[in-house]
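Numbers given in this note's numbering equal positions in the sequence shown, counted from 1, plus 2. We treat Cβ as the ideally placed atom computed from N, Cα and C, and that holds for glycine.
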Amino acid sequence: MNDVLIGDTKMSYRMAYARAFGENSLKKMEGFLSRSIDERELKSIEDRLLEVEGIRVQPLVNGLTKDEELAERIAEHAVDGYVYLAISGNDCDGCHYSGKVRKIEASVEAYHDFHAEEREWPDGPFCIQIVSEEEASEMSLLVESNETIAGPEI
């Protein structure tokens, strides 16, 4: 992950760091050019640029931002303006759960809102997958007797 998107401008991680923290702070980092950034470092750059310039930083992976890749997946699975999400994970006792299905608006913003809502009070680690309407229907049929489906009816 060596390139980032700042607003509408693609630039190297090195330039983004210099823009966020100044050229002097960049010179202090040894081995800076030979490695990729991690999520923690990207977050510190993003926080700083949001604070100073009010712009968002996104990592570029294979020329696309994560949001562009997410938008492509949503478009592939969208049906009548909605997508289905399958949620699985472990609760606070370490018990695995799966089969929880939600239907949300087919947009990156709706996905991020849902993810933030799930992340606010998690019982443990969880996974959200975008699934086809058929997969969602199969999952909901399997768990219907347990009444564990959440969200709008499918």
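In this structure, how does DSSP classify residue i when only helix, strand and coil are distinguished?
i	result
Ser109	coil
Ala80	coil
Asp125	coil
Phe34	Confidence at Phe34 is low in this model, with a pLDDT of 47, below 50, so the placement of that residue is unreliable and no value is reported for it.
Glu137	helix
What's the gap between the Cα of residue i and the Cα of residue j?
i	j	result
Arg42	His79	31 angstroms
Ser134	Glu71	17 angstroms
Asp125	Leu87	18 angstroms
Asp5	Ser46	15 angstroms
Phe116	Trp123	12 angstroms
Cys129	Lys102	11 angstroms
Glu53	Pro127	30 angstroms
Ser100	Glu140	12 angstroms
Met17	Asp95	45 angstroms
Ala118	Asn92	17 angstroms
On the CB-based measure, 16 or more other CB atoms within 10 Å of its CB, does residue i come out buried or exposed?
i	result
Ser14	exposed
Glu48	buried
Arg21	buried
Val81	exposed
Leu143	exposed
Arg104	buried
Ala138	buried
If you compare alpha carbons, which of the options is closest to residue i?
i	options	result
Glu74	Met141, Gly91, Glu140, Ser109	Ser109
Ala112	Ser90, Arg50, Ala77	Ala77
Lys68	Ala138, Asp95, Cys94, His114	His114
Ile132	Asn92, Glu107, Glu119	Glu107
Glu136	Val85, Glu120, Ser90, His98	Val85
What residues are listed by DSSP as bridge partners for residue i?
i	result
Ala88	Val103, Gln131
His114	For His114, which the question treats as bridged, DSSP gives no partner whatsoever.
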